[in-house]
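Undergrad:
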Amino acid sequence: SQQGEEDPQALSIQEGENATMNCSYKTSINNLQWYRQNSGRGLVHLILIRSNEREKHSGRLRVTLDTSKKSSSLLITASRAADTASYFCATDAENTDKLIFGTGTRLQVFP
Amino acid sequence: GAVVSQHPSRVICKSGTSVKIECRSLDFQATTMFWYRQFPKKSLMLMATSNEGSKATYEQGVEKDKFLINHASLTLSTLTVTSAHPEDSSFYICSASGGARGNEQFFGPGTRLTVL
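Sequences listed follow chains E and D, in order.
Just so we're aligned: 95 in my numbering is position 95 of the first sequence, and the numbers increase by one with no gaps anywhere.
Just so we're aligned: 80 in my numbering is position 80 of the second sequence, and the numbers increase by one with no gaps anywhere.
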């Protein structure tokens, strides 16, 4: 399977704490994206990082990419109860428009 | 971001019947649409890629006669689950890309299919 792996599978934290999720993938990529999914809903695009970038910020989100290790991390700082959702990384297979999703991390933030 | 809709949002059907799910790009012309399937607490698995006016390309292990995909216009793709069985119960999500939006995929809200 080409599917990426994410860890942890589930993460529970208190409001105000930081949440870190990791993603590993298998093939060469052009870019890596992170998505959020509330239960039973569609995907919301959070951030895209290109293969020649190492770090990117967007508000409380910080994404890193290490192409030598084929891994990425998503850090959510100062978490809120509203951040409770599942988070997925997705990579594009080189020279295709397809997205390959990771297994996802279910984040629960307690108020 | 661009808006992609799906209809219906939920459908319950009897085993043996066929169900059609629509995916529409509301504010851009989508040359490519993707159909994904998601089991509870699992990730999205790509089922097929459809380009407007041509046959869909199915991923390995996806039965093309079971999951009929039509992409007849730049704003509409349909997925028909034929002769549905309980194991087809799942969350089906489409995405659209193309035109002025480039290669970025914009996702629909998903359709929950329950086959009794």
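The C-beta atom is built at its ideal place from N, Cα and C for all residues, glycine as well.
1) For residue 59 of chain E, which residues in chain D fall below 7 Å Cβ to Cβ?
2) Can you list, in chain order, the residues of its chain whose CB lies under 7 Å from that of residue 112 of chain E, leaving out five sequence neighbours each side?
3) Across which residues does DSSP place residue 45 of chain D in a beta bridge pair?
4) Given that residue 41 of chain E touches chain D, what residues does it touch there, using C-beta distances under 8 Å?
5) Hey, does residue 103 of chain E have any beta-carbon neighbour from chain D nearer than 8 Å?
6) Checking 8 Å against the spacing of the C-beta atoms, do residue 68 of chain E and residue 22 of chain E come in under that value?
7) Starting from the Cα of residue 57 of chain D, find the closest Cα among E/97, E/26, E/106, E/79 and give me that residue.
8) Measuring CB to CB, does residue 64 of chain E end up less than 8 Å from residue 73 of chain E?
9) Determine contact between the region 63-72 of chain D and the region 38-53 of chain D, defined as no fewer than three beta-carbon pairs at a distance below 8 Å.
10) Run through the region 43-89 of chain E for me and flag every whole beta strand (DSSP E) of 3 or more residues, listed as ranges in chain order.
11) Does DSSP classify residue 16 of chain D as helix, strand or coil?
12) Taking 8 Å as the threshold (beta carbon to beta carbon), is residue 99 of chain E in contact with chain D?
13) Alpha carbon to alpha carbon, how far is residue 112 of chain E from residue 78 of chain E?
14) If I follow the unbroken beta strand (DSSP E) through residue 112 of chain D, where does it start and stop?
15) I need the straight-line Cα distance from residue 92 of chain E to residue 54 of chain D, nearest angstrom please.
16) Compare the Cα-Cα distances from residue 5 of chain D to each of D/52, D/77, D/43 and report the closest residue.
17) Would you call the CB atoms of residue 88 of chain E and residue 43 of chain D closer than 8 Å?
TA: This is what the structure holds:
1) The premise fails here: residue 59 of chain E is roughly 16 Å from chain D at the closest Cβ pair, so nothing lies under 7 Å.
2) This structure cannot speak to residue 112 of chain E, because chain E is shown only from 1 to 111.
3) D/37
4) 109, 110
5) yes
6) no
7) E/97
8) yes
9) yes
10) 43-50, 55-58, 61-66, 71-76
11) coil
12) yes
13) Because chain E is modelled from 1 through 111, residue 112 of chain E falls outside the range shown and cannot be assessed.
14) 111-115
15) 22 Å
16) D/77
17) yes
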